[in-house]
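Quick note: this note's numbering has the sequence shown finishing at residue 150, numbered continuously throughout. One structure is given below, encoded as structure tokens.
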Amino acid sequence: MRATVLGWVLPLVAITSVAHADTPPVPASPHAALEQGARLRASGDVKAAIDALKAGKNAFPDHEQIRQALALAYLQDGNEFWALKVLREYEDDHPPACDTRAFQAWIHIQHANFDLAKEILEKAKAKKVKLL
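Written out as structure tokens, the structure is:
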């Protein structure tokens, strides 16, 4: 029995160790997170940029530019869903989040989702928010 338990526990520990080894370090400042994300995106390593910017988002949850950079990295990776999710989460936590709301509308317009873009912009108008 002990050998059976160890047979499945040891590979699980090894996998977990490898997964944690690839976790990006917590950035020292929002500026450092943005620089690292931009550098990785420019080099074409979008997945690493996403991981680095997620670490920045977790370390500095109130920093709007990190969320926008993360959304941009998701778009560069072809993942519109996560780009919009990151922006919506920020907007929900920090209304009126004007830049973030405008970015969401832009993403919808790029994909010809004009009704969704209009809805986002009308919400801003109803709240009397000045966009950009």
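Virtual Cβ for every residue (Gly too), placed ideally from N, Cα, C. The model shown is predicted, which means the values in this text are computed figures rather than measured ones.
{"Check": "How is the alpha helix (DSSP H) around His112 delimited, first residue to last?", "Outcome": "Where His112 is concerned, there is no enclosing alpha helix (DSSP H), given that its DSSP letter is neither H nor E."}
{"Check": "Would you mind sorting Ala39 into buried or exposed? The rule is 16 or more other CB atoms within 10 Å of its CB.", "Outcome": "Annotation note: pLDDT 49 at Ala39 (below 50); position unreliable, coordinate value reported separately. Ala39 comes out exposed."}
{"Check": "Can you confirm whether the region 105-115 touches the region 126-136 when touching is taken to mean that 3 or more C-beta pairs between the two stretches lie within less than 8 Å?", "Outcome": "no"}
{"Check": "Considering only the beta carbon of each residue, do Val44 and Ala66 sit closer than 7 Å?", "Outcome": "no"}
{"Check": "Less than 8 Å between the CB atoms is what I'm expecting for Gln94 and Leu52, so what's the real figure, rounded?", "Outcome": "The pair is not a contact, with the Cβ atoms about 15 Å apart (cut-off 8 Å)."}
{"Check": "Could you check how far apart the C-beta atoms of Ala77 and Ala89 are, in whole angstroms? I think they sit under 8 Å.", "Outcome": "Rounded, the Cβ-Cβ distance is 17 Å, inconsistent with contact."}
{"Check": "Could you compute how far the alpha carbon of Ile138 sits from the alpha carbon of Arg85?", "Outcome": "18 Å"}
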